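Scroll down for the structure; my scribbles are underneath it.
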Amino acid sequence: MVEFFKNRWVLFLILVVFILCKIPHLHYPYYWDESWPYAVAIRDMYLHGASLLPTAVDPELSRGHPLFFHVIAAAWMHVFGNSHTSMHSFALTISLLFLVAIYEAGLRLFDKRVAVMSVALVVTQVVFYVQSSYVLFEMLVAFLSFLSLFFYVRRKYFLTALALSALFYTKESGLIMGFVLGMAAFVGLFDKKVELKTRLYQILSIATPCVLICIFFYHSKEYKRVVHFSSL
Numbered sequence: 168m169v170e171f172f173k174n175r176w177v178l179f180l181i182l183v184v185f186i187l188c189k190i191p192h193l194h195y196p197y198y199w200d201e202s203w204p205y206a207v208a209i210r211d212m213y214l215h216g217a218s219l220l221p222t223a224v225d226p227e228l229s230r231g232h233p234l235f236f237h238v239i240a241a242a243w244m245h246v247f248g249n250s251h252t253s254m255h256s257f258a259l260t261i262s263l264l265f266l267v268a269i270y271e272a273g274l275r276l277f278d279k280r281v282a283v284m285s286v287a288l289v290v291t292q293v294v295f296y297v298q299s300s301y302v303l304f305e306m307l308v309a310f311l312s313f314l315s316l317f318f319y320v321r322r323k324y325f326l327t328a329l330a331l332s333a334l335f336y337t338k339e340s341g342l343i344m345g346f347v348l349g350m351a352a353f354v355g356l357f358d359k360k361v362e363l364k365t366r367l368y369q370i371l372s373i374a375t376p377c378v379l380i381c382i383f384f385y386h387s388k389e390y391k392r393v394v395h396f397s398s399l
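The opening position of the sequence shown corresponds to residue 168 in my numbering, with each subsequent residue numbered one higher.
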């Protein structure tokens, strides 16, 4: 336990200072895309039940996006309420978890100095500081992209599939990470130095999330078609 805190006291200090700096921002009203459609779509899911199915939210509100962000935000609402402070705290929590993930990855792959420098570089970026409490997809996309890459590098293929599936179900732009890892898995398929079972796990860890998001897009397309015909 002493060793655990010894290796992470700088991280805890950064997190505490960052939270103190962000507290005033938690009371802000929603701004731009936060106010429409994201906050409205999340509130709609909060009122009518959380689901990853495209039918869970009116397509005018979801804009056709996958709904993982909406689901976990609606679940947060049920526990902590639906105030602006609650929702900005939800977004900030994701950003803090992202910082923890960066630190842990740097510590496990390299050393404490790399971990501290990595977190310091990210936390001082203006775009991160500003958007860390915004009710937007971007921080969750960055967090899940980082986790997907880290788990893949560490050969944790089940966790890779979970993180990549959550990423795909957050926003379509997450498919870029799937493409990058998919290319790596495809090239690795011909590496005879790697055990065949490992090569197959690599492919499956990417293919499974791809199949799952294709199912979502198929149902989303069918749902929009039904809505279109019913409005005629």
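For each residue, glycine too, the CB sits at the ideal point set by N, CA and C. A quick note: this is a predicted structure, and the numbers were derived from the prediction, not measured.
The distance from the Cβ of THR327 to that of TYR336 is about 15 Å, inconsistent with a contact at the 8 Å cut-off.
At a Cβ-Cβ threshold of 9 Å, VAL302 and MET254 count as neighbours. Rounded to whole angstroms, the gap between the alpha carbons of SER202 and ASP211 is 13 Å. For ARG230, the closest alpha carbon among the candidates ALA240, PHE357, LYS338, ILE181 is that of LYS338. Exclusion of the five residues before and after VAL308 leaves LEU334, THR337, LYS338, SER340, GLY341 as the residues of its chain whose Cβ lies within less than 8 Å of its Cβ. Restricting attention to TRP243, HIS237, SER299, the CA atom closest to the CA of LEU264 is found in SER299. Just measuring C-alpha positions, the residue of VAL354, LEU214, PRO233 sitting nearest PHE384 is PRO233. The C-beta separation of ILE190 from VAL290 comes to about 16 Å, leaving the pair out of contact by the 8 Å criterion. When secondary structure is reduced to three states using DSSP, GLN292 falls in the coil class, being assigned neither helix nor strand. ILE186 and SER262 have their C-alpha atoms spaced approximately 10 Å apart. ASP200 has its alpha-carbon roughly 36 Å from the corresponding atom of ALA352. HIS237 is classed as buried because its beta carbon has at least 16 other beta carbons within 10 Å across all chains shown.
When the Cα atoms are used, ASP278 and VAL169 turn out to be separated by approximately 17 Å.
The closest CA to that of ARG366, considering only MET284, ARG322, THR375, is found on ARG322.
For TRP176, the closest C-alpha among the options VAL283, SER332, GLU305 is that of VAL283.
Where LYS173 is concerned, the enclosing alpha helix (DSSP H) starts and stops at 169 to 189. Relative to the Cα of LEU193, the nearest Cα in the group GLY355, VAL297, PHE357 belongs to VAL297.
A distance below 8 Å between beta-carbons, with the five flanking residues on each side excluded, links GLU271 to the following residues of its chain, in chain order: ALA282. Counting along the chain, GLU305 sits inside the alpha helix (DSSP H) bounded by residues 305 to 320. One thing to note: VAL207 has its Cβ within 9 Å of the Cβ of LEU228. Shortest Cα-Cα distance from ASN174 to any of GLY273, GLY216, HIS245, SER332 involves GLY273. DSSP, read as helix, strand or coil, puts LEU379 in helix.
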